[in-house]
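Enquirer: Submitted below is the structure of interest, expressed as structure tokens.
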Amino acid sequence: MRKKNFFAGPSVLPVEVLERLSEEIVDYHGQGLSMIEASHRGGMFEEMYDECLALFRELLGITDDYDVYFLGGGATLQFTMIPVNFLREGTVADYAKTGTWSNKATSDAQKLGKVNVFYDGKDNNYTSLPDVEKIVPSANSAYVYLCANETIGGIEWKSFPDTGDVPLIADMSSDIFSRPVDVKKFGMIYGGVQKNLGPAGATFIIMRKDMLSRRNENLTAYMDYALHSKDKGLYNTPPVFSIWAVKLVLEWIKKNGGVEGMDKRAEEKSSLIYSVLDSSSFYRSPVDKRYRSRMNIVFRLPSEELEKKFISESQKEGMLGLKGHRSVGGLRASLYNALPYEDVVALRDFMLEFEKRNS
Ligand SMILES: *Cc1c(COP(=O)(O)O)cnc(C)c1O
Numbered sequence: 087m088r089k090k091n092f093f094a095g096p097s098v099l100p101v102e103v104l105e106r107l108s109e110e111i112v113d114y115h116g117q118g119l120s121m122i123e124a125s126h127r128g129g130m131f132e133e134m135y136d137e138c139l140a141l142f143r144e145l146l147g148i149t150d151d152y153d154v155y156f157l158g159g160g161a162t163l164q165f166t167m168i169p170v171n172f173l174r175e176g177t178v179a180d181y182a183k184t185g186t187w188s189n190k191a192t193s194d195a196q197k198l199g200k201v202n203v204f205y206d207g208k209d210n211n212y213t214s215l216p217d218v219e220k221i222v223p224s225a226n227s228a229y230v231y232l233c234a235n236e237t238i239g240g241i242e243w244k245s246f247p248d249t250g251d252v253p254l255i256a257d258m259s260s261d262i263f264s265r266p267v268d269v270k271k272f273g274m275i276y277g278g279v280q281k282n283l284g285p286a287g288a289t290f291i292i293m294r295k296d297m298l299s300r301r302n303e304n305l306t307a308y309m310d311y312a313l314h315s316k317d318k319g320l321y322n323t324p325p326v327f328s329i330w331a332v333k334l335v336l337e338w339i340k341k342n343g344g345v346e347g348m349d350k351r352a353e354e355k356s357s358l359i360y361s362v363l364d365s366s367s368f369y370r371s372p373v374d375k376r377y378r379s380r381m382n383i384v385f386r387l388p389s390e391e392l393e394k395k396f397i398s399e400s401q402k403e404g405m406l407g408l409k410g411h412r413s414v415g416g417l418r419a420s421l422y423n424a425l426p427y428e429d430v431v432a433l434r435d436f437m438l439e440f441e442k443r444n445s
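To convert a position in the sequence shown, counted from 1, into this note's numbering, add 86.
Right, dumping it as structure tokens:
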């Protein structure tokens, strides 16, 4: 029996995708070799990659004035690549510090140039977000940066600021394809695929083409987005296995109603758990209701002993990954696209039953 997988990343994949990978791993479509042993300069990979990129564009409604490709290095490499490219002499980058991931991005940018932190959630322990209407970029802003969904803190931007001519850049590692995105509002969107899209390895990059004219000169090869744009991410060897699996996940998303279908699933699944939190004095959500994440639900119990007990008993019920991140403690249920609805129902029922027994 498959476990109920609430891990934050790497995380659950559609079982159909795992089965397809398993069926095709030895002999890809009767070609007599595996996708992961073929050259990335050959037709077999290129055809699959082009289909993957086309599907990615189709599902998110990305127009031709944007580049879409995959890189290696994880989302973390982008914390460096973004300022290295766009934080030019005489400009300042505007960052929102809203939790672990945007804080790390800010800290890397600060080592590379001038940064203005326009919001820091330190005072509310990173449980809330700024009012988008009040966000105004600095006069000489190179870009405005935010993390759309803080995977560890469990908060998610529900709308995005209008930054005018200043490019808006967002890390969407943990909520991409969970809801429609108005890509046109952004100069760049990026993220690791291992939360909502596939196995670890690839990082997706969506970048408006005119961003390239804003970058620094004399960049080393891998750091330079222009080079990746020209080769659609194939300047060096791409993470082939990860990309192949992403393509299959995208096909699964399409079959299940596209981003609108995923949006509906996310609403239904997260409501099951939030309604328990809202109607209980046993469970507690630390997060500002207006911004709570549908992908990563963070919650606390009355004591750390009960939290430990919850984790160990839920494991016995086949539920994995409910322990909160080591930096914040508590519990966290990640409800990514591929997590079946029934698994969330099982968690809801377990929560209700655990409360009855322990309160
Ligand atoms: C997981 C995560 C990252 C880091 O991704 P890596 O691929 O491990 O570098 C960055 N941002 C967010 C929002 C994440 O969830």
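No residue lacks a Cβ here, since even glycine has one placed at the ideal position from N, Cα and C.
Answer yes or no: do Pro247 and Ile221 have a C-beta to C-beta separation smaller than 8 angstroms?
Expert: It is a contact, given that the beta carbons lie within the stated cut-off.
Enquirer: Among Leu157, Lys200, Ala182 and Tyr155, whose alpha-carbon lies nearest the alpha-carbon of Gly176?
Expert: Minimum Cα distance to Gly176 is reached at Lys200.
Enquirer: Any contact between the stretch 145–156 and the stretch 293–300? By contact I mean 3 or more CB pairs, one from each, below 8 angstroms.
Expert: Counting Cβ pairs under 8 angstroms, three or more are found: they touch.
Enquirer: Within the same chain, show all residues whose beta-carbon is closer than 6 angstroms to that of Tyr229, passing over the 5 residues directly before and after it, in chain order.
Expert: Same-chain partners within the cutoff: Phe172, Ala179, Pro253 and Ile255.
Enquirer: Going by the beta-carbon positions, is the gap between Ala419 and Leu433 smaller than 8 angstroms?
Expert: Closer than 8 angstroms, so yes.
Enquirer: Are the Cβ atoms of Gly284 and Val335 separated by less than 8 angstroms?
Expert: Contact: yes.
Enquirer: In the DSSP assignment, what are the bridge partners of Ile86?
Expert: The shown model of the chain, from 87 to 445, leaves out residue 86, and the question about it has no answer.
Enquirer: Find out if the Cβ-Cβ distance for the pair His126, Leu320 is shorter than 8 angstroms.
Expert: In contact: His126 and Leu320 (Cβ atoms closer than 8 angstroms).
Enquirer: Any heavy atom of ligand 1 inside 7 angstroms of the beta-carbon of Trp243?
Expert: No.
Enquirer: On the three-state DSSP scale, how would you describe Phe440?
Expert: Here Phe440 sits in helix by DSSP.
Enquirer: Determine the direct distance from the alpha carbon of Tyr369 to that of Met129, and round the result to whole angstroms.
Expert: The sequence shown places Gly at residue 129, rather than the Met named in the question. When rounded, the distance between both Cα atoms is 54 angstroms.
Enquirer: Assuming Met309 contacts Met167 (C-beta within less than 8 angstroms), just tell me the rounded distance between them.
Expert: Going by Cβ atoms, the distance from Met309 to Met167 rounds to 6 angstroms, so yes, they are a contact pair.
Enquirer: Please list the terminal residues of the continuous beta strand (DSSP E) segment that includes Thr213.
Expert: Premise fails: Thr213 is in no beta strand (DSSP E) and is neither H nor E.
Enquirer: Ordered along the chain, which non-local residues of its own chain (more than five positions away) have a Cβ less than 6 angstroms from that of Gln164?
Expert: So the list reads Tyr276, once near-sequence residues are dropped.
Enquirer: Is Glu236 near Gly185, with beta carbons less than 8 angstroms apart?
Expert: For Glu236 and Gly185, yes; Cβs fall inside 8 angstroms.
Enquirer: Assuming Gly240 and Ile383 are in contact, meaning their beta carbons sit under 8 angstroms apart, how far apart are those beta carbons, in whole angstroms?
Expert: Correct: roughly 6 angstroms between the Cβ atoms.
Enquirer: When the Cα of Ser188 is compared with those of Cys233, Glu144, Ala195 and Leu145, which residue comes out closest?
Expert: Minimum Cα distance to Ser188 is reached at Cys233.
Enquirer: In this structure, what does DSSP give as the bridge partners for Arg386?
Expert: Note: Arg386 sits in a beta bridge opposite Arg370.
Enquirer: Measuring only from the beta carbon, is Ala260 closer than 7 angstroms to any heavy atom that is part of ligand 1?
Expert: For the record, residue 260 in the displayed sequence is Ser; it is not Ala. Yes, the Cβ of Ser260 comes within 7 angstroms of a heavy atom of ligand 1.
Enquirer: From Gly415 to Val373, what distance separates their C-alpha atoms?
Expert: Straight-line Cα distance between these residues: approximately 14 angstroms.
Enquirer: How about Phe92 and Leu358: do their beta carbons lie closer than 8 angstroms?
Expert: Not in contact: Phe92 and Leu358 (Cβ atoms no closer than 8 angstroms).
Enquirer: Note the first and the last residue of the continuous alpha helix (DSSP H) segment covering Leu157.
Expert: That residue, Leu157, is in no alpha helix (DSSP H); its beta strand (DSSP E) goes Tyr152 to Leu157.
Enquirer: Closer than 7 angstroms: is that where the CB of Thr192 sits relative to any heavy atom of ligand 1?
Expert: Thr192 Cβ: outside cutoff for every heavy atom of ligand 1.
Enquirer: Should Ser259 be labelled buried (16 or more other beta-carbon atoms within 10 Å of its own) or exposed?
Expert: With 16 or more Cβ atoms within 10 Å of its Cβ, Ser259 is classed as buried.
Enquirer: Give me, in chain order, the residues of the same chain whose beta-carbon lies closer than 8 angstroms to that of Lys355; leave out the 5 immediate sequence neighbours on both sides.
Expert: Once the five neighbours on either side are set aside, the close Cβ partners of Lys355 are Arg380, Leu421, Leu425, Tyr427 and Val430.
Enquirer: Of the choices Gly344, Lys340, Ser365 and Arg301, whose alpha-carbon is the least far from that of Pro169?
Expert: It is Arg301.
Enquirer: Determine the closest residue to Asn211 out of Asn226, Ser315 and Ser371, with distance taken between C-alpha atoms.
Expert: The residue with the shortest Cα to Cα distance from Asn211 is Ser371.
Enquirer: Starting from Arg143, trace the alpha helix (DSSP H) both ways and give me its first and last residue.
Expert: It spans Gly129 to Leu146 - the alpha helix (DSSP H) in which Arg143 sits, taken as one unbroken run.
Enquirer: Put Arg265 into one of helix, strand or coil per three-state DSSP.
Expert: If DSSP states are grouped into helix, strand and coil, Arg265 belongs with coil.
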